[in-house]
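**Student:** Protein chains in written order, with this note's numbering: chain A, 35 to 167; chain B, 3 to 168.
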Amino acid sequence: MSWIPGFEGARADAVLGLRPAAAARMRELEAELWEADRLDPAITELVRARVGQLLGLPGRSVDAAESRSPREAAAIGFAEQYVMDPHGVTDSQAAELNALFTERELTALTFCVAVYDAIGRVETVLGIERERA
Amino acid sequence: MRITAPEGGVSFLDHQPELFGAFNRLYGTLWSDGVLDQPTKEVARLRNARVTGCNICKNLRFDGARKAGLTEDMIEEIDADFESGELAERYKLGIRYADVIIGDPHGLEDELREELTHEFTPAELVELTITTAFAMAFSKAAVAWGPPPNMPVLEVPTPTPDGSVT
Chain A
35 MSWIPGFEGA
45 RADAVLGLRP
55 AAAARMRELE
65 AELWEADRLD
75 PAITELVRAR
85 VGQLLGLPGR
95 SVDAAESRSP
105 REAAAIGFAE
115 QYVMDPHGVT
125 DSQAAELNAL
135 FTERELTALT
145 FCVAVYDAIG
155 RVETVLGIER
165 ERA
Chain B
3 MRITAPEGGV
13 SFLDHQPELF
23 GAFNRLYGTL
33 WSDGVLDQPT
43 KEVARLRNAR
53 VTGCNICKNL
63 RFDGARKAGL
73 TEDMIEEIDA
83 DFESGELAER
93 YKLGIRYADV
103 IIGDPHGLED
113 ELREELTHEF
123 TPAELVELTI
133 TTAFAMAFSK
143 AAVAWGPPPN
153 MPVLEVPTPT
163 PDGSVT
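(1) As a quick exercise: from B/P159, B/P163 and B/D164, pick the residue whose alpha carbon is nearest that of B/D188.
(2) Using DSSP's beta-bridge definition, name the partner residues of B/L62.
(3) Cβ of B/K60 less than 7 Å from any chain A Cβ?
(4) Does any residue of chain A bring its CB to less than 7 Å from the CB of B/T131?
(5) For a test of the three-state rule: what should DSSP assign to B/T31, helix, strand or coil?
(6) Does the Cβ of B/E126 have 16 or more other Cβ atoms within 10 Å, making it buried, or fewer, making it exposed?
(7) Using only alpha-carbon positions, find the residue among A/D151, A/E137, A/T136 and A/A128 that is nearest to B/P107.
(8) DSSP state of A/V156, grouped into three classes?
(9) Report yes if the C-beta distance between B/W147 and B/I5 is below 7 Å; otherwise report no.
(10) According to the Cβ coordinates, are A/A109 and A/I153 closer than 7 Å?
(11) By the DSSP assignment, the alpha helix (DSSP H) with A/V49 in it spans what residues?
(12) Can you tell me the Cα-Cα spacing of A/L143 and A/L73, whole angstroms?
(13) Quick one: what's got a C-beta closer than 8 Å to A/E42's C-beta in the same chain, skipping five residues either side?
(14) Please list, in chain order, the residues of the region 36–61 of chain A that have any C-beta partner in chain B closer than 9 Å.
(15) Contact between the region 47–59 of chain A and the region 113–128 of chain B: three or more CB pairs below 8 Å?
(16) Helix, strand or coil: which one does DSSP assign to B/C56?
(17) Shorter than 7 Å from the beta carbon of B/P161 to some beta carbon of chain A?
(18) At a CB-CB cut-off below 8 Å, which residues of chain A make contact with B/Q18?
(19) Can you pull the chain B neighbours of A/L84, defined as C-beta to C-beta under 9 Å?
(20) Since A/P120 meets chain B, which of its residues come closer than 7 Å, beta carbon to beta carbon?
(21) Rounding to the nearest angstrom, what Cα-Cα distance links B/M3 and B/Y29 in this structure?
(22) Judging by CA-CA distance, which residue of B/L38, B/A100 and B/L118 is the nearest neighbour of B/A51?
(23) If we call anything under 7 Å between Cβ atoms a contact, is A/R48 one with B/A139?
(24) How is B/V45 classed by DSSP in three states: helix, strand or coil?
(25) Taking 8 Å as the limit between beta carbons, can you name the residues of its chain near A/Q87, skipping five residues before and five after?
(26) Starting from the C-beta of A/V117, find all residues in its chain whose C-beta is less than 8 Å away, skip the five residues before and the five after it, and write them out in chain order.
(27) Taking only the alpha-carbon atoms, compute the straight-line gap between B/G55 and B/V145 and give it to the nearest angstrom.
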């Protein structure tokens, strides 16, 4: 629940709307993640869900038992390491990612993890976590 | 770096110019079209740089904060002993809040929440939160794909919505 004075219990859009231009730019940046010529949308969704799960956001989960393609597994592994401890990305992990993705895709993957890491923390600390399909 | 910049680019982020542009518009809006004073945002950004261990972010200085009075002596106090230092309480609050965002965003305690709402307006709090969270999240890119190069302290223009400084 939001703790911002005057906005206790308010929805995310109302709280973030206190800085309307920044909120709009944040939505635009998130939308860019889903444009064509970024990542496979299935991987984008997996990353979004896993980052949210790591941050304890409601409605986010990734089934650890489900079988994954090498690209999906590598993307999830990178997201986990990035969110929890980016210093722990090893040379071998980076080499594996470079073998599975183009540099353009890896850049999109990095944006994806970073944007959902940031948005997840904004929503959590402000108490405005959104459940999204 | 474990990812190279594309031909003609400065950073590997240039592999995705539309995404990089969208990020820069957000970051520039937060820094140059904001309601919160630049030194407070800069203190939170530099706190993240130290906690996250981003050498690039640690040595960058946004000139808007410098012009507004944030000195190197003050910046040196953004360390583990900041509570016993001479930083203004407003900046210490920014550091405590940054530590929560970076370390445990579920862990904002009532006492700190009350101090924050006493010191900052609602709009300032939202801006400080978004700025700190995005500074943190993108500083990790330099760490993850590093190792970041050693570089001297470098003052750069404060990001603007049409700029490219990260």
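The beta carbon of each residue, even a glycine, is placed where N, CA and C say it ideally should be. From a predicted model like this one, the values you see are computed outputs, not experimental measurements.
**Tutor:** Taking the definition as stated:
(1) Only positions 3 to 168 of chain B appear in this structure, which leaves residue 188 of chain B out of reach.
(2) As a working mapping, residue 62 of chain B is identified with position 60 in the second sequence. Answer is B/L156, bridged to B/L62.
(3) The count along the second sequence starts at 1 and reaches residue 60 of chain B at position 58. No, because no Cβ of chain A sits closer than 7 Å to the Cβ of B/K60.
(4) Position 129 of the second sequence, counted from the start, is the residue given in the question as residue 131 of chain B. Yes, its Cβ sits closer than 7 Å to a Cβ of chain A.
(5) Taking the first residue of the second sequence as position 1, residue 31 of chain B is located at position 29. In the structure shown, B/T31 sits in a helix (DSSP, three-state: H, G or I).
(6) The sequence position of residue 126 of chain B within the second sequence is 124, counting from 1. Flag for B/E126 reads buried.
(7) As a working mapping, residue 107 of chain B is identified with position 105 in the second sequence. Cα-wise, what sits closest to B/P107 is A/D151.
(8) As a position in the first sequence, residue 156 of chain A is number 122, starting the count at 1. Of the three classes helix, strand and coil, the one that applies to A/V156 here is helix, per DSSP.
(9) Along the second sequence, read from residue 1 onward, the residue named residue 147 of chain B stands at position 145. Along the second sequence, read from residue 1 onward, the residue named residue 5 of chain B stands at position 3. Their beta carbons are under 7 Å apart, which means B/W147 touches B/I5 by this criterion.
(10) Taking the first residue of the first sequence as position 1, residue 109 of chain A is located at position 75. Taking the first residue of the first sequence as position 1, residue 153 of chain A is located at position 119. No. Outside cutoff.
(11) In the first sequence, counting from the first residue as 1, residue 49 of chain A sits at position 15. Run containing A/V49: A46 to L50, per the alpha helix (DSSP H) assignment.
(12) As a first step, residue 143 of chain A is located in the first sequence; it is residue number 109 there, counting from the start. As a first step, residue 73 of chain A is located in the first sequence; it is residue number 39 there, counting from the start. Cα to Cα, the separation comes out at about 7 Å.
(13) Taking the first sequence and counting its residues from 1, one reaches residue 42 of chain A at position 8. Closer than 8 Å at the Cβ level, and outside the excluded window around A/E42, lie M35 and S36.
(14) W37, I38, P39, G40, F41, V49, L50, G51, L52, R53, A55, A56, A57, A58, R59 and M60
(15) yes
(16) Start at 1 with the first residue of the second sequence, and residue 56 of chain B comes out as number 54. Residue state, collapsed to three classes: coil.
(17) The residue labelled residue 161 of chain B in the question sits at position 159 within the second sequence. So no, B/P161 is outside the interface.
(18) The residue given as residue 18 of chain B occupies position 16 in the second sequence. By Cβ distance, chain A contributes R72, R138, T141, A142 and F145.
(19) Translated into the one-based positions of the first sequence, residue 84 of chain A becomes position 50. Note that residue 84 of chain A is Arg in the sequence shown here, rather than Leu. Simply none; closest approach about 15 Å.
(20) On the first sequence, position 86 is the one that residue 120 of chain A refers to. Neighbours of A/P120 on chain B, chain order: K142, V145 and A146.
(21) For the purposes of this step, residue 3 of chain B is identified with residue 1 of the second sequence, where counting begins at 1. For the purposes of this step, residue 29 of chain B is identified with residue 27 of the second sequence, where counting begins at 1. When rounded, the distance between both Cα atoms is 23 Å.
(22) As a working note, residue 51 of chain B is residue 49 in the second sequence. Cα-wise, what sits closest to B/A51 is B/A100.
(23) Against the first sequence, residue 48 of chain A aligns to sequence position 14. Against the second sequence, residue 139 of chain B aligns to sequence position 137. The residue you asked about is not Arg; residue 48 of chain A is Ala in the sequence shown. Not closer than 7 Å, so no.
(24) Here residue 45 of chain B is taken as the residue at index 43 of the second sequence, counted from 1. Three-state result, B/V45: helix.
(25) On the first sequence, position 53 is the one that residue 87 of chain A refers to. Within the same chain, A/Q87 has close Cβ partners R94, S95 and V96.
(26) Taking the first sequence and counting its residues from 1, one reaches residue 117 of chain A at position 83. Once the five neighbours on either side are set aside, the close Cβ partners of A/V117 are V85, L88, L89, V147 and D151.
(27) As a position in the second sequence, residue 55 of chain B is number 53, starting the count at 1. As a position in the second sequence, residue 145 of chain B is number 143, starting the count at 1. Roughly 7 Å separates the two Cα atoms.
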